[in-house]
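So the structure is just underneath, and the comments pick up after that.
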Amino acid sequence: MSDPAPNLPTTTTSSEKRKPFVSLAMATAFGLGYLPKAPGTWGSLAGVVLGWAALAITPLQLAPRIGATGELSNPPASWWLQFAWNEVELIFIISVIGVWAAGRTARYLQNHDPQIVVIDEVAGQLISYLGLATPKTFALNWKYLLLGFILFRVFDIWKPFPARQAESLPGGLGIMADDWIAGIYAALGLWIARAAGL
Numbered sequence: 274m275s276d277p278a279p280n281l282p283t284t285t286t287s288s289e290k291r292k293p294f295v296s297l298a299m300a301t302a303f304g305l306g307y308l309p310k311a312p313g314t315w316g317s318l319a320g321v322v323l324g325w326a327a328l329a330i331t332p333l334q335l336a337p338r339i340g341a342t343g344e345l346s347n348p349p350a351s352w353w354l355q356f357a358w359n360e361v362e363l364i365f366i367i368s369v370i371g372v373w374a375a376g377r378t379a380r381y382l383q384n385h386d387p388q389i390v391v392i393d394e395v396a397g398q399l400i401s402y403l404g405l406a407t408p409k410t411f412a413l414n415w416k417y418l419l420l421g422f423i424l425f426r427v428f429d430i431w432k433p434f435p436a437r438q439a440e441s442l443p444g445g446l447g448i449m450a451d452d453w454i455a456g457i458y459a460a461l462g463l464w465i466a467r468a469a470g471l
């Protein structure tokens with residue numbers, strides 16, 4: 274009778290780990306990250322839809338303040354303040370979820386910044402639309418939505434300082450932070466374009 278085989282150390286591959294379905298769903302924006310062509314662009318488009326929804330819902334939230342004549346009973350500033358609040362809430366929620374989900378997905382896939390993670394583009398695109406609201410104007414306009422989308426994609430690909438440096442931050446923070454910065458640049462660009470009357 275032969276001796277039993279010695280216990281050899283085993284390594285666990287990512288495929289043998291328990292698949293984090295919830296974090297994968299969040300990180301990929303419910304599957305958009307799995308699309309074969311330009312998943313980051315699809316993530317940005319999800320941000321466009323959410324940004325448009327924040328713009329569209331604002332007048333509905335303020336409807337009780339509109340009198341029988343159809344005019345606002347409060348100063349017009351309430352419109353842009355409400356929109357900005359809607360946007361900030363969305364950005365905060367998606368960013369917190371994104372840091373967690375992106376970090377967990379990166380650990381599962383053993384990849385510092387997996388291509389399927391697009392929740393960072395969703396958050397960055399939303400940040401760009403903060404440039405839509407100013408105290409004097411409130412724009413639910415497809416041209417500005419398109420311009421914000423283009424500006425964000427340009428800055429997301431270009432990664433001007435300190436966006437590229439932010440990628441070196443640990444875990445999900447590094448995945449999300451460069452897109453936050455790209456979103457800030459895009460918001461400034463959108464605000465300048467609107468101030469210039471474009």
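In the numbering used here, the protein residues as written are 274 to 471.
A virtual CB, placed ideally from N, CA and C, is assigned to each residue, including glycine.
No experiment lies behind these values; they were computed from the predicted model shown.
Open item on the list: Using C-beta distances below 6 angstroms, list every residue in its chain close to Gly324, excluding the 5 sequence neighbours before and after it, in chain order.
Closed with: Here Gly324 has Leu399, Tyr402 as same chain residues with Cβ atoms under 6 angstroms from its own Cβ, once five neighbours each way along the sequence are excluded.
Open item on the list: If the criterion is Cβ atoms closer than 9 angstroms, does the pair Thr314 and Thr378 meet it?
Closed with: At the C-beta level, Thr314 and Thr378 stay beyond 9 angstroms of one another.
Open item on the list: Using a Cβ-Cβ cutoff of less than 8 angstroms, which residues in the same chain neighbour Arg291 once the five nearest sequence positions on both sides are dropped?
Closed with: So the list is empty, once near-sequence residues are dropped.
Task: Ala298 to Ala375 span [Cα, whole Å] - done: Cα atoms of Ala298 and Ala375: separation of roughly 10 angstroms, rounded to the nearest angstrom.
- [ ] Could you tell me if Arg437 is buried or exposed, where buried requires 16 or more neighbouring beta carbons within 10 angstroms of its beta carbon?
- [x] Answer is exposed; the Cβ neighbour count stays below 16.
- [ ] Consult DSSP for Gly324 and reduce its assignment to one of helix, strand or coil.
- [x] If DSSP states are grouped into helix, strand and coil, Gly324 belongs with the helices.
Open item on the list: On a Cα-Cα basis, can you pick out the residue from Leu442, Pro309, Val322 that is closest to His385?
Closed with: Looking at the Cα atoms, Leu442 is the closest of the given residues.
TODO: Could you check the C-alpha separation between Glu394 and Leu354 for me, to the nearest Å?
DONE: About 24 angstroms.
- [ ] Could you tell me whether the Cβ atoms of Phe356 and Leu405 are closer together than 9 angstroms?
- [x] A contact, by the Cβ cut-off of 9 angstroms.
Task: Buried versus exposed call for Glu362 [16 or more other C-beta atoms within 10 Å across all chains shown] - done: Classification of Glu362: exposed, given that the 10 Å Cβ count is below 16.
Task: Where Met303 falls: helix, strand or coil (DSSP) - done: It should be noted that the sequence gives Phe, not Met, for residue 303. Coil.
Task: Residue nearest to Pro435 in terms of C-alpha spacing, selected from Val321, Gly444, Leu419, Trp453 - done: For the options Val321, Gly444, Leu419, Trp453, the alpha carbon positioned closest to that of Pro435 is the one of Trp453.
TODO: Say whether chain C places a C-beta atom closer than 9 angstroms to the C-beta of Leu399.
DONE: Given the protein chain composition of this structure (a single chain), no chain C is represented.
- [ ] Measure the beta-carbon distance from Val372 to Met449 and round it to whole angstroms, keeping in mind my assumption that it falls under 8 angstroms.
- [x] So it is a contact: roughly 5 angstroms between Cβ atoms.
- [ ] Using only alpha-carbon positions, find the residue among Asn359, Leu418, Ile457, Pro293 that is nearest to Asp429.
- [x] Here the closest residue by C-alpha is Ile457.
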